[in-house]
Amino acid sequence: MSAHEKPLIAIAGATSKQGRSVAATLLDSQRFRVRAFTRKKDSPEALRLEERGAEIVAVPLELGRQKDLVAAFKGADGAFLMTPPIAPPETIEAPLGRQLADAAVEAGVGHIVFSTLENVEKITSGTKYAPHFTDKALVADYIRGLPVSHSFVMLAFFYTNLLEYYVPRMEGDTLLLPVYLPEDFRAPFVDPLTATGPAVLEIFSNPERYNGKTLPIVGDIISPREMIETFQRVTGLKAAYRNAFTQDGLLRYFPEFAANELLVRELLGMVEYAVDCGYFGKEHDLDWSRRLNADTLNWEQYLKTTRWRGDKQSFGL
Ligand SMILES: NC(=O)c1ccc[n+]([C@@H]2O[C@H](COP(=O)([O-])OP(=O)(O)OC[C@H]3O[C@@H](n4cnc5c(N)ncnc54)[C@H](OP(=O)(O)O)[C@@H]3O)[C@@H](O)[C@H]2O)c1
1 MSAHEKPLIA IAGATSKQGR SVAATLLDSQ RFRVRAFTRK KDSPEALRLE ERGAEIVAVP
61 LELGRQKDLV AAFKGADGAF LMTPPIAPPE TIEAPLGRQL ADAAVEAGVG HIVFSTLENV
121 EKITSGTKYA PHFTDKALVA DYIRGLPVSH SFVMLAFFYT NLLEYYVPRM EGDTLLLPVY
181 LPEDFRAPFV DPLTATGPAV LEIFSNPERY NGKTLPIVGD IISPREMIET FQRVTGLKAA
241 YRNAFTQDGL LRYFPEFAAN ELLVRELLGM VEYAVDCGYF GKEHDLDWSR RLNADTLNWE
301 QYLKTTRWRG DKQSFGL
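The sequence shown begins at 1 in the UniProt record's numbering and counts up one residue at a time.
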């Protein structure tokens, strides 16, 4: 098969943790070509994708870019769409997602995979505020109405949240891990950098099988207490849980959040929703991604593979 006979998948947010996992897995499979959308063609992540064989296209994920996006999607057989982190009071996530989907359809893309989450507004009858969930669900609803074959992935909480955002700190001889969940609440977690790609590869390899489906991507279902016990066992470090799931706890360990009242409301709303209702709706098969990919990392394997010992890390942004 010549390179040009391979289906082309366009990836919006290709340098994100999710996007780069998708790009790398599709390229490694040798079954797809990849077109990577980025704001900065010369960023280290974009250059790494180019080295791996992706075509790099400069197109920002922002409103008012419909024409550029249609041009960027032209010729693609499939599109992986994600929305970047958007903190309130910014409210562009739903229109941005709709714009991405509209542009993909206008360009004639054959199958869309959108990274969505649950509709917290609807599930909680408006009592919990988590627009970065609900807005993705609204985009998914919109895509369901478009004349295009489509699937959705729904990622669990990222392990990387503890490395990037809720970073541990030393107190005496103990590493304190302020976690945004109650100590004994078992929540679904995943490594977006290694788990997203295999799931999306499976979908683009069998678009008819997965048309209309929503597929959760999960690496482990584990409580903060169990995460910290595992962390101590794997690293040999002394570690302890600290509450960052109530307003007092969150602001005690991360006072910088206080500058954005709505963001605090959203973080607390998200956690209360997850604890009260479960992160994923009960209809989902939470084992799907782990059955599909035996290499999906649970928390212990994630710690062993990454050798993370509690330091702050960033993933390219
Ligand atoms: N954290 C979690 O537990 C979790 C769980 C499920 C879902 N999610 C969702 O996952 C999404 C984030 O995915 P991720 O963590 O994989 O992304 P990420 O690593 O934070 O990267 C975001 C990417 O978006 C691109 N981008 C384009 N316009 C942007 C803008 N205006 N601001 C920031 N980035 C922009 C950037 O690429 P360029 O710089 O190359 O343009 C960047 O690589 C969010 O929508 C979040 O709600 C998060």
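For glycine and all other residues, C-beta sits at the position ideal for the given N, C-alpha and C.
Within 10 angstroms of its Cβ, does Gln18 collect 16 or more other Cβ (buried), or is it exposed? Taking the first residue of the sequence shown as 1, we reach residue 18 at position 18. Under this definition Gln18 is a buried residue.
What is the C-beta distance between Leu262 and Pro88, in whole angstroms, given that I count them as a contact (C-beta under 8 Å)? By one-based count along the sequence shown, residue 262 stands at place 262. By one-based count along the sequence shown, residue 88 stands at place 88. Right, the Cβ-Cβ distance comes to about 4 Å (below 8 Å), so this counts as a contact.
Contact check, Phe37 vs Ala10 under 8 Å by CB: the rounded distance? Counted from its first residue, the sequence shown places residue 37 at position 37. Counted from its first residue, the sequence shown places residue 10 at position 10. So it is a contact: roughly 7 Å between Cβ atoms.
Near ligand 1: Met270 beta-carbon under 7 Å from a heavy atom: In the sequence shown, residue 270 corresponds to position 270, counting from 1. Met270: no, Cβ never under 7 Å from ligand 1.
Can you tell me whether Arg35 is helix, strand or coil according to DSSP? Counting from one through the sequence shown, the residue named residue 35 turns up at place 35. In this structure, Arg35 counts as strand in the three-state DSSP scheme.
Quick one: what's got a C-beta closer than 7 Å to Ser149's C-beta in the same chain, skipping five residues either side? Counting from one through the sequence shown, the residue named residue 149 turns up at place 149. For Ser149, where only same-chain residues beyond five positions count, the Cβ hits under 7 Å are Gly110, His111, Pro207, Asn211.
Write down the C-beta distance between Leu175 and Pro168 rounded to the nearest angstrom, noting that I regard them as a contact closer than 8 Å. The sequence position of residue 175 within the sequence shown is 175, counting from 1. The sequence position of residue 168 within the sequence shown is 168, counting from 1. Right, their Cβ atoms sit about 5 Å apart.
Where the alpha helix (DSSP H) through Pro188 begins and ends: What you label residue 188 is simply residue 188 of the sequence shown in a count that begins at 1. Here Pro188 belongs to no alpha helix (DSSP H); instead the beta strand (DSSP E) covers 187 to 190.
Measuring straight from C-alpha to C-alpha, what distance separates Glu5 and Ala140? Numbered from 1 along the sequence shown, position 5 holds the residue referred to as residue 5. Numbered from 1 along the sequence shown, position 140 holds the residue referred to as residue 140. Those two C-alpha atoms are separated by around 30 Å.
Please name the residue in Pro147, Arg48, Thr83, Gln99 whose C-alpha comes closest to that of Leu117. What you label residue 117 is simply residue 117 of the sequence shown in a count that begins at 1. Looking at the Cα atoms, Thr83 is the closest of the given residues.
Limits of the beta strand (DSSP E) - the one that Ala239 falls within: Indexing the sequence shown from 1 puts residue 239 at position 239. Looking at the DSSP string, the run of the beta strand (DSSP E) that includes Ala239 is 239 to 243.
Mark Asp220 as exposed unless 16 or more other C-beta atoms lie within 10 angstroms of its C-beta, in which case mark it buried. Taking the sequence shown and counting its residues from 1, one reaches residue 220 at position 220. It counts as buried.
Kindly indicate which three-state DSSP category Gln18 falls into: helix, strand or coil? For the purposes of this step, residue 18 is identified with residue 18 of the sequence shown, where counting begins at 1. Note: Gln18 maps to helix in three-state DSSP.
Is Ser289 closer than 8 Å to Ala137 when the C-beta atoms are compared? Taking the sequence shown and counting its residues from 1, one reaches residue 137 at position 137. Taking the sequence shown and counting its residues from 1, one reaches residue 289 at position 289. No, they are not a contact pair.
Exposed or buried, Glu93, counting other C-beta atoms within 10 Å across all chains shown (16 or more means buried)? Locating residue 93 in the sequence shown gives position 93, counting from the first residue. Buried is the call here.
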